[in-house]
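First to last, the sequence lines map onto chains G and W.
Mapping to this note's numbering: the first sequence position 90 is 90, numbers consecutive.
To convert, count from 1 in the second sequence and add 112; that's this note's numbering.
The block underneath contains the structure these notes are about, expressed in structure tokens.
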Amino acid sequence: AAGVIQSPRHLIKEKRETATLKCYPIPRHDTVYWYQQGPGQDPQFLISFYEKMQSDKGSIPDRFSAQQFSDYHSELNMSSLELGDSALYFCASSSRQFEKAFFGQGTRLTVV
Amino acid sequence: AQTVTQSQPEMSVQEAETVTLSCTYDTSESDYYLFWYKQPPSRQMILVIRQEAYKQQNATENRFSVNFQKAAKSFSLKISDSQLGDAAMYFCAYRTYRDDKIIFGKGTRLHILP
Chain G
1 AAGVIQSPRH LIKEKRETAT LKCYPIPRHD TVYWYQQGPG QDPQFLISFY
51 EKMQSDKGSI PDRFSAQQFS DYHSELNMSS LELGDSALYF CASSSRQFEK
101 AFFGQGTRLT VV
Chain W
113 AQTVTQSQPE MSVQEAETVT LSCTYDTSES DYYLFWYKQP PSRQMILVIR
163 QEAYKQQNAT ENRFSVNFQK AAKSFSLKIS DSQLGDAAMY FCAYRTYRDD
213 KIIFGKGTRL HILP
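What follows is the structure, given as structure tokens:
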């Protein structure tokens, strides 16, 4: 069965650089979520989109932005990167009808 | 504020034995979902089991079952016949019907002893 695809799997950036993370949801899923998981931490909700519109917002820094495109894939843009942004970034998708959220394998971002 | 508490940072169980992971939550909502997610060393987040708050019957998925006590706001996970592949971090999680965000507990690291 198709799963949530995230790219890249690993990313190394320098401070103050910009990063773009991509997420391709499971086909026919209409909702995408982004989470940030720091080392040894639980995942923290950043933002979600339903039918290409932002549906909920969590602790996402102003330096970050995200959108969902017409093909339902989503991108998380992160600017002015800081060392503290180093984390595992998960994307998850679900169908509003069934509510179960399935997670991708994550993108490990390292800021040096 | 909604919170999820896992009071056991680490647990160990002998292979083939049964183990129960505890979780409590706090909410003023009446309609919500509860989940257990498994995160093995690969760091993939895998949905283990899901419970809808309006359902009194406890959810079961093969060797995994929950004990959902709505009045006590308790949602424990029982793993029967533990296997080496069950070794992972287990997160209890919650979300309301209204919101998208899933709130996670701090996790319980489960070790399986051969």
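Just so you know, even glycine gets a beta-carbon here, dropped at the ideal spot from N, CA and C.
For this session: Please confirm whether W/PHE216 and W/ALA205 have their CB atoms less than 8 Å apart.
Result: Against a cut-off of 8 Å, the Cβ pair of W/ALA205 and W/PHE216 comes out as a contact.
Exercise. Are the Cβ atoms of G/PHE49 and G/SER55 separated by less than 8 Å?
Worked result: yes
Exercise. Taking Cβ positions only, does G/GLN67 come closer than 8 Å to chain W?
Worked result: no
Exercise. Going by other Cβ atoms of all chains shown within 10 Å of its Cβ, with 16 needed for buried, is G/LYS57 buried or exposed?
Worked result: Classification of G/LYS57: exposed, given that the 10 Å Cβ count is below 16.
Problem set entry | Alpha carbon of W/GLN151 to alpha carbon of G/GLN41, nearest angstrom | 12 Å
Problem set entry | Bridge-paired residues (DSSP) for W/ASP138 | W/THR115
Exercise. Whole beta strand (DSSP E) runs in the segment 73-97 of chain G with 3 or more residues, listed along the chain?
Worked result: Taken in chain order, the complete beta strand (DSSP E) segments of 3 residues or longer contained in the segment 73-97 of chain G are 74-78 and 87-94.
Exercise. At a CB-CB cut-off below 9 Å, which residues of chain B make contact with G/ASP85?
Worked result: Absent here is chain B; the protein component of the structure consists of chains G and W.
Problem set entry | Neighbourhood of W/THR132 by C-beta, 6 Å cutoff - its chain only, sequence neighbours within 5 removed | SER188 and LYS190
Problem set entry | Proximity to W/VAL160 [Cα-Cα], best of G/VAL112, G/THR107 and G/PHE103 | G/PHE103
Exercise. Could one say the Cβ of W/GLN156 lies closer than 8 Å to chain G's Cβ atoms, at least one of them?
Worked result: yes
Problem set entry | chain G contacts made by the segment 131-159 of chain W, where a contact means CB separation under 9 Å | TYR145, PHE147, TYR149, GLN151, SER154, ARG155, GLN156, MET157, ILE158 and LEU159
Exercise. Can you give the Cα-Cα distance for W/THR130 and W/SER192, rounded to whole angstroms?
Worked result: Going from the Cα of W/THR130 to the Cα of W/SER192 covers about 4 Å.
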